[in-house]
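**Q** For what it's worth, the working numbering labels the leading residue of the sequence shown as -18, then goes sequentially. We treat Cβ as the ideally placed atom computed from N, Cα and C, and that holds for glycine.
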Amino acid sequence: MEEFRHYTVMKKEAVDLLECRDGLIYVDCTLGGGGHSEEILKRIQPNGRLIAFDVDGEAISAASRRLKDYKNLTIVKNSYTNIKKVLHDLGVEKITGGALFDLGASYHQFSKAQRGFSFQKDAPLDMRFNQDDDFCAADVVNNYCENDLIRIFSEYGEERFSKRIAKKIVEARKVKKIDTTCELADLTVRCTPKVKSSVHPATRVFQAIRIEVNQELTNVKNTMNDVLDLLEVGAIISVISFHSLEDRIVKRLFKYHSSKCRCNNPVCECEPPVLEPVTRKPVTASEEERLENPPSRSAKLRAARKTGRRC
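(1) Can the beta-carbon of I218 be found less than 8 Å from the beta-carbon of A(-5)?
(2) By Cβ distance, which residues of its chain are closer than 8 Å to S277, with the 5 residues on each side in sequence left out?
(3) Just the Cα atoms here: how many angstroms apart are L168 and N203?
(4) Considering only residues of the same chain and omitting the five flanking positions on each side of I159, which have a CB-CB separation below 8 Å?
(5) Only counting the same chain, and skipping five residues up and downstream in sequence, which positions put a Cβ closer than 8 Å to that of H307?
(6) Taking the runs of the alpha helix (DSSP H) that are 4 residues or longer, which of them lie wholly in the region 250 to 282?
(7) By how many angstroms is the C-alpha of M108 removed from the C-alpha of R191?
(8) What is the DSSP secondary structure of I230, reduced to helix, strand or coil?
(9) Are the region 67 to 84 and the region 206 to 218 touching by the rule of at least three beta carbon pairs closer than 8 Å?
(10) How would you label M(-18), buried or exposed, when you count the other beta carbons within 10 angstroms and need 16 or more for buried?
(11) Does the count of Cβ pairs from the region 50 to 57 and the region 15 to 23 closer than 8 Å reach three?
(12) Using CA atoms only, rank isn't needed, just tell me which of I146, D(-3), N28 and G138 is closest to F223.
(13) Apply the 10 Å Cβ neighbour rule to Q26 and answer buried if 16 or more other Cβ atoms are within range, or exposed otherwise.
(14) Among T288, R185 and S279, whose alpha-carbon lies nearest the alpha-carbon of F142?
(15) Just reading off the alpha helix (DSSP H) that F187 is part of, what are its end residues?
(16) Report the rounded CA-to-CA distance for K241 versus C251, giving the unit in angstroms.
(17) Does the beta-carbon distance from S239 to A285 come in below 8 Å?
(18) Measuring CB to CB, does I133 end up less than 8 Å from E193?
(19) Buried or exposed: which applies to C292, given that a residue is buried once 16 or more other Cβ atoms fall within 10 Å of its Cβ?
(20) Just curious, the alpha helix (DSSP H) that T55 is in, first and last residue?
(21) Comparing alpha-carbon positions, which option in Y237, K102 and R30 lies nearest T162?
(22) I think Y7 touches G29, with their Cβ atoms under 8 Å apart; what is that distance to the nearest whole Å?
(23) If you check the beta carbons only, do K65 and I41 fall under 8 Å apart?
(24) Can you find the residues in the same chain that come closer than 7 Å, C-beta to C-beta, to T288, ignoring five residues on each side of it along the sequence?
(25) For G4, which three-state DSSP category applies?
(26) Evaluate S60 with the Cβ neighbour count: other Cβ atoms within 10 Å of its Cβ, from every protein chain shown; 16 or more gives buried, anything less gives exposed.
(27) How about R171 and V231: do their beta carbons lie closer than 8 Å?
(28) Rounded to whole angstroms, what's the CA-CA distance from L5 to I32? Just pull it up for me.
(29) If you reduce the DSSP assignment to three classes, tell me which class A40 lands in.
(30) Counting C-beta neighbours from all protein chains within 10 Å, is the total for C10 16 or more, i.e. buried, or is it exposed?
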């Protein structure tokens, strides 16, 4: 069995912000390799409970082995987008301690060639977090119309040459279906100007397709609102994001729900805010962690505390 490799970004910082206490219920919405979950479990023994979500069977297998000696742990093979139903089925009405999100793909997903997240090695265009899903990156590349490709490259990849890349993809697939990561990466390189940059020309295109395949931004926005409904007063939500699009969603949601006025009427009719910031500015990885794990350089950690009921 191939070793499951995963570096837990800002493990101590993210869990510190949850202010873990024995006897409370916590949720790890993105189990991954189990690093954050293990840190939470260490701090909530003997009576605290942790419920952890993941859709990746390989991640669940690895984390289950890592966490086998801890009590009061429930691992759920399901998307965090279904958190309300799953917790209801488990008999959990409220998240009394806190919830943690570690967004984006894991190191294992990027490094395992067969998963098709990276163009470093040739592999089928896949990029699915959940291997049970039917929809994958090849469907986006070969079936989306030119305008939709432009849209996702622009919105999700913030790619300057979206129109040029989308046009070339549509032209190329008329001759031959684009099946592999290297085919897509090579096409992107050929149709974009050479720019002096340390970032590979295909990076933003791959990011955009991955986000589209897994509906990452929509899922984050919707689920965080669900979590706000589930949090007990005093419970904390802690979120690690890895690119500006994710962080913008988190920042705006925290700001909106912590604002005293959200109506902009001459006479404010808003209910009191339901969140208060725990972090005024995003926490970033230490210099030591950045050297040990370079991808952590882009990570931003934000946290907020539930202060009241949502209407």
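**A** Based on what the coordinates show:
(1) As a first step, residue 218 is located in the sequence shown; it is residue number 237 there, counting from the start. As a first step, residue -5 is located in the sequence shown; it is residue number 14 there, counting from the start. Not closer than 8 Å, so no.
(2) Stepping through the sequence shown from its first residue, residue 277 is reached at position 296. Within the same chain, S277 has close Cβ partners Y(-12), V(-10), M(-9), A266, E270 and R271.
(3) As a working mapping, residue 168 is identified with position 187 in the sequence shown. As a working mapping, residue 203 is identified with position 222 in the sequence shown. Their Cα atoms are separated by approximately 34 Å.
(4) In the sequence shown, the residue the question calls residue 159 occupies position 178. The beta carbon of I159 lies closer than 8 Å to those of L106, A119, V122, N123, I150, A153, L165 and L168 in the same chain, with the five residues before and after it left out.
(5) Any property of residue 307 remains undetermined from this structure, which presents the chain solely from -18 to 292.
(6) 268 to 273
(7) Here residue 191 refers to the residue found at position 210 when the sequence shown is read from its first residue. Here residue 108 refers to the residue found at position 127 when the sequence shown is read from its first residue. Roughly 6 Å separates the two Cα atoms.
(8) In the sequence shown, counting from the first residue as 1, residue 230 sits at position 249. The answer is helix: DSSP assigns I230 an H, G or I state.
(9) yes
(10) Within the sequence shown, the letter at position 1 stands for residue -18. Unreliable placement is indicated for M(-18), whose pLDDT of 43 sits below 50; the coordinate value is still reported in the next sentence. Classification for M(-18): exposed.
(11) yes
(12) Sequence index remark: in the sequence shown, residue 223 carries index 242 (1-based). With distances taken between Cα atoms, F223 lies closest to G138.
(13) The residue labelled residue 26 in the question sits at position 45 within the sequence shown. Exposed, because fewer than 16 other Cβ atoms sit within 10 Å of the Cβ of Q26.
(14) What you label residue 142 is simply residue 161 of the sequence shown in a count that begins at 1. Taking only the C-alpha atoms, the option nearest F142 is R185.
(15) Taking the first residue of the sequence shown as 1, we reach residue 187 at position 206. Taken as a continuous stretch (DSSP letters only), the alpha helix (DSSP H) holding F187 covers T184 to N195.
(16) For the purposes of this step, residue 241 is identified with residue 260 of the sequence shown, where counting begins at 1. For the purposes of this step, residue 251 is identified with residue 270 of the sequence shown, where counting begins at 1. Approximately 7 Å between the Cα atoms of the pair.
(17) Along the sequence shown, read from residue 1 onward, the residue named residue 239 stands at position 258. Along the sequence shown, read from residue 1 onward, the residue named residue 285 stands at position 304. Taking 8 Å as the Cβ cut-off, S239 and A285 qualify as a contacting pair.
(18) Residue mapping note: residue 133 aligns to position 152 of the sequence shown, counting from 1. Residue mapping note: residue 193 aligns to position 212 of the sequence shown, counting from 1. Yes.
(19) Locating residue 292 in the sequence shown gives position 311, where the first residue counts as 1. Reliability fails at C292, whose pLDDT of 47 lies under 50, so the model's placement of it is uncertain and the value that follows must be treated cautiously. Answer is exposed; the Cβ neighbour count stays below 16.
(20) Within the sequence shown, residue 55 is the residue found at index 74, counting from 1. Premise fails: T55 lies in the beta strand (DSSP E), L54 to K58, not in any alpha helix (DSSP H).
(21) The residue labelled residue 162 in the question sits at position 181 within the sequence shown. Looking at the Cα atoms, K102 is the closest of the given residues.
(22) Mapped onto the sequence shown, residue 7 falls at position 26. Mapped onto the sequence shown, residue 29 falls at position 48. With a Cβ gap of about 7 Å, Y7 and G29 count as contacting.
(23) Walking along the sequence shown from the start, residue 65 turns up at place 84. Walking along the sequence shown from the start, residue 41 turns up at place 60. Against a cut-off of 8 Å, the Cβ pair of I41 and K65 comes out as no contact.
(24) Indexing the sequence shown from 1 puts residue 288 at position 307. Excluding positions up to five away in sequence, the list reads V214, P254, V255, L256 and E257.
(25) Translated into positions along the sequence shown, residue 4 becomes position 23. Reduced to three states, the DSSP call for G4 is coil.
(26) Translated into the one-based positions of the sequence shown, residue 60 becomes position 79. Answer is buried; the Cβ neighbour count reaches 16.
(27) Residue mapping note: residue 171 aligns to position 190 of the sequence shown, counting from 1. Residue mapping note: residue 231 aligns to position 250 of the sequence shown, counting from 1. Contact: no.
(28) In the sequence shown, counting from the first residue as 1, residue 5 sits at position 24. In the sequence shown, counting from the first residue as 1, residue 32 sits at position 51. If I take the Cα positions, the gap works out to 11 Å.
(29) Position 59 of the sequence shown, counting from 1, holds the residue named residue 40. The answer is helix: DSSP assigns A40 an H, G or I state.
(30) Indexing the sequence shown from 1 puts residue 10 at position 29. That one is buried.
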